[in-house]
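A.B. asks:
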Amino acid sequence: MRAATRLFQACRITFFTRDGCKLCTDAKQTLSDVWDVRPFVYREINVMKPDQTVWRNLYEFDTPVIHVSNASSPEEDPELSGKAKKLMHRFSAEEVQKKMNDTEALP
8 MRAATRLFQA CRITFFTRDG CKLCTDAKQT LSDVWDVRPF VYREINVMKP
58 DQTVWRNLYE FDTPVIHVSN ASSPEEDPEL SGKAKKLMHR FSAEEVQKKM
108 NDTEALP
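Remember, this note's numbering sits 7 above the position in the sequence shown when you count from 1.
Listed below in structure tokens is the structure:
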């Protein structure tokens with residue numbers, strides 16, 4: 008029963024990254040480690056791509072950043088980024104899983 012609940016409340020992690028970012032490479036490995044024990048919906052946004060100007064303005068100098076949300080929530084909205092459950096720069100697998108737990112605990 009718990010497994011079904013966990014699948015129903017699966018998290019989405021949106022990873023904001025950029026090319027040539029060592030911290031981003033490390034963060035992506037951390038996310039891979041989490042995925043191995045606790046799968047989630049994954050979306051990656053390269054903030055330096057021409058079509059990501061709004062995200063670049065928010066996170067150009069802060070990558071890597073992850074937003075953790077419920078998988079059934081609407082896609083990320085830059086105007087609501089201040090309210091997002093997020094981790095920035097350096098984070099551990101334990102910190103990611105804590106954010107996932109916090110997100111899944113919400114109604």
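Even glycine gets a Cβ: it sits at the ideal position worked out from N, Cα and C.
With distances taken Cα to Cα, identify the nearest neighbour of M50 among F23, Q36 and D109.
C.D. replies: The residue you asked about is not Met; residue 50 is Arg in the sequence shown. When only C-alpha atoms are compared, the closest one is F23.
A.B. asks: What is the DSSP secondary structure of R50, counted as helix, strand or coil?
C.D. replies: strand
A.B. asks: Can you tell which of P81, S76, L113 and E82 has its C-alpha closest to the C-alpha of K93?
C.D. replies: S76
A.B. asks: DSSP on L87, reduced to helix/strand/coil?
C.D. replies: helix
A.B. asks: Output the boundary residues of the alpha helix (DSSP H) element that contains L38.
C.D. replies: K29 to V44
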